[in-house]
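See below for the structure under consideration.
Protein chains in written order, with the working numbering: chain A, 56 to 488; chain B, 56 to 488.
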């Protein structure tokens, strides 16, 4: 029934596990340059933690802290114990890196396997991973979990819908991992190909990496002819496998034996009661290599009060409803407007202003950048402009990892803002949650 | 000194291991529909194998056999024991699939770790995998091997040179896996960026997936400022990790405890003595899920006579010097001209003739397809032709997995062949080996 007995541990048992995990994690953290300094200044040690609530004795860790500590200021084990790292962003946006020991990779795979089991997948099922691999944790993270569960795993990677379809059919796939925007696009592709999704015989889609509404989920289920399950994860907390929906599809169980989750007021940092929306703050309880204490995810959500029909005792997170910063998520990639600005401002042809527009096309979220170019450049011959356009697209793609549409416009044609510049216009259809 | 004591086993010990492996493999094969029929017809069983040479009692297995058996006619274990599959080609070219049990994945990782150790990489070294992941075995195959060896593995994936460079620097990478054409391209990129390769401090590049000459290897070593090691593998034999150069760089040791390699006359199938060039034929000795007996690789090479300075006793394969079929390898992807023909002939706008041209640009092998289009299409407005061009590029890319240059030409403009049509023109610089 459950992948792991801990999924139905009593709340008291979970509290005991969390306390123990918190003590162990604080002890481990003392080996890293960053936390040794920070915890040393506070004078706290493992012995100060006697309940999960004692976590409030600790200060927050922020993305800026990770950037300052980049690349390896948070490591708690000898260098030779690490076997993997993932990086969260491009080349000019200050990146953050997460390092994993062999134990961490195995524990992560186990959590992902638990998530996939909760959805309904079992050993022997065929599972196609339709998300990109590489530094994006969604690829290798889900892949290792699927193998751990014992699914026959098809590492399809992202894109190439025709080939995806052939694999789905040839190997009688039961479940897939797919980002929501590509799921909608793939549904459109199936319609164009005249494929009845019901004929595919697939049953499960794990959809994560992009926040989406309940209506989008229902639409994915309709166009693909399966059940779609929301997934939550972030590279700083390993990647996918942090919180996952069960068959009840009523919120995402956060694995409380592996993570201590809090919801706080984003302004004051004060803890909020279950049911109230605030910023999700996460602490790893079982990570050896690079534990993080009270990491501010900048994701806005809430705990769903009450018990879940499935019997699991781990609390459920509601859908992510927003961010406390200006991060944009397109095709599963995290983009900060500042990354785009840095690329543009390093190009001498660019004039003063630019505008990022978000829109939808073919059911997928897209990004377009309007860029003012200097008058003498704008007046140049067509091949010069075309060359600049090509170069700009390539540099932006290398930085944000998706290919944006780029439109070169005359200097002065983007209205100057009065006061704080508006750099992003979101024209995506906003659907009721 | 060695990753595994078996690397220096005596030839007698290896022969005993191979005989034992051959018996076990024949016994395992009897569980698959394909081999049960074939071995049954011959009346041979495990007891008939008393030396590695007894392998000659067995018939060959060909790529056509694999295609006929697609998708799962070669499986020797219950379906639920498989956790991975890789597929060797696109959507219309009849694909072949290889399935792996958990044991197979672990054994494969072990062989790759052994290869990486032979090159000089060690636990604690930082290793950047600069090849694509997904269904291409070079990605996950090398990745699992690097983690098994205990390297800090950076799953960079292919492309995005700027980001690759940042990762190389930030994490002080010791070794990389990179396909030869991208290695040369990356060298050019470093020069353009004004980077002295010596400043990177890297030492090793594993280069595989594309046959290349000794001169290309030396050029890669020069432009990257490291030692480059040739690697041999093919999806049917797991992927990378079949044969690998050691520090002596004098041929690729084929792991004879895991594979039984033969060189045969491609016309008659008769075994050739060590030193003579012929077709490489491979038998898996340790694979549980999908063992293959006497698989004809279509790769032309020879055993290098004599002993290796490194002390390893496993025989060495020379560079691959050609193929017995018309397969083209571009950017690590296997392309058969027939795949291109099938895509083109499914498009009603296409006239009778086409031509595949191979050439070099930016130090990388490229593919261009000239396609005759019907007169009324050729006479159509520019947007119509542009639309056709775009559609054709997309369909070809989806099929062969690299993006070809496409040139639409007037019907009749490609000279008709007298006799057998010439479909491929190879304009690549042929370098002396």
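Using N, Cα and C, we set each Cβ at its ideal position, and we do this for glycine too.
Cβ atoms of residue 155 of chain B and residue 140 of chain B come within 8 angstroms of each other, at about 7 angstroms. When 9 angstroms is used as the limit between beta carbons, residue 135 of chain B is near these residues of chain A: 177, 178, 179, 180, 205, 207, in chain order.
Only those residues of the stretch 213-225 of chain B whose C-beta falls short of 9 angstroms from the nearest C-beta of chain A are listed: 213, 214, 215, 216, 217, 218, 220, 221, 222, 225.
In the three-state DSSP reduction, residue 107 of chain B falls in the helix class (H, G or I). Distance from residue 204 of chain B to residue 172 of chain B at the Cβ level is roughly 6 angstroms; contact confirmed, criterion being Cβ atoms closer than 8 angstroms. Here residue 420 of chain A carries a strand assignment [DSSP, helix/strand/coil]. When 8 angstroms is used as the limit between beta carbons, residue 140 of chain B is near these residues of chain A: 207, 208, 209, 226, in chain order. Straight-line spacing of the CA atoms in residue 232 of chain B and residue 426 of chain B works out to 35 angstroms. Within the DSSP secondary-structure output, residue 309 of chain B pairs in a beta bridge with B/298. Between residue 88 of chain B and chain A, the shortest Cβ-Cβ separation is not below 8 angstroms. The beta carbon of residue 406 of chain A sits closer than 7 angstroms to those of 427, 428, 429, 466, all from its chain and outside the five residues before and after it, given in chain order. Residue-level contact check: residue 195 of chain B touches chain A, since one or more beta carbons of chain A fall below 8 angstroms from its beta carbon. In the displayed model, residue 375 of chain A falls within coil according to three-state DSSP, outside both helix and strand.
Counting only Cβ-Cβ distances below 9 angstroms, residue 188 of chain B has contacts in chain A at 187, 188, 189, 194, 195, 198, 210, 212, in chain order. Proximity of residue 265 of chain B to chain A, defined by a Cβ-Cβ separation below 8 angstroms, is not satisfied. DSSP places residue 334 of chain A in the strand class (E or B) of the three-state scheme. Counting only the Cα atoms, residue 442 of chain B lies some 21 angstroms from residue 422 of chain B. In the displayed model, residue 366 of chain B falls within coil according to three-state DSSP, outside both helix and strand. Annotation: residue 248 of chain B has no Cβ neighbours in chain A at a cutoff of 7 angstroms; minimum Cβ distance is about 12 angstroms. Around the C-beta of residue 417 of chain B, fewer than 16 other C-beta atoms lie within 10 Å, and the residue is accordingly described as exposed. For residue 282 of chain A against residue 258 of chain A, the beta-carbon gap comes to about 6 angstroms, under 8 angstroms, which counts as contact. With a 10 Å radius around the Cβ and a threshold of 16 neighbouring Cβ atoms, residue 415 of chain A comes out exposed.
Around the CB of residue 108 of chain A, fewer than 16 other CB atoms lie within 10 Å, so the residue is classed as exposed.
With a 10 Å radius around the Cβ and a threshold of 16 neighbouring Cβ atoms, residue 117 of chain B comes out exposed. Collapsing the DSSP output to three states places residue 408 of chain B in a strand.
Between residue 383 of chain B and residue 355 of chain B, the beta carbon gap of about 15 angstroms keeps them out of contact (Cβ cut-off 8 angstroms). What residue 291 of chain A touches in chain B, judged by beta-carbon distance under 8 angstroms, is nothing: the nearest beta carbon there is about 17 angstroms away. By the neighbour-count definition (other C-beta atoms within 10 Å, threshold 16), residue 236 of chain A is a buried residue. Note that the C-beta distance between residue 299 of chain A and residue 206 of chain A is not below 8 angstroms. Linking residue 130 of chain B to residue 86 of chain A through their CA atoms gives a straight-line distance of about 49 angstroms.
Residues of chain B whose Cβ lies closer than 7 angstroms to the Cβ of residue 126 of chain A are, in chain order, 225, 226. For residue 461 of chain B, the three-state secondary structure derived from DSSP is strand. For a cut-off of 8 angstroms, the C-beta gap from residue 73 of chain B to residue 335 of chain B is around 16 angstroms, too long to register as a contact.
Taking 8 angstroms as the CB threshold, residue 120 of chain B stays off the interface with chain A.
Per DSSP, residue 317 of chain A lies in no alpha helix (DSSP H); the unbroken beta strand (DSSP E) holding it starts and ends at 314-319. DSSP lists A/208, B/155 as the bridge partner or partners of residue 139 of chain B.
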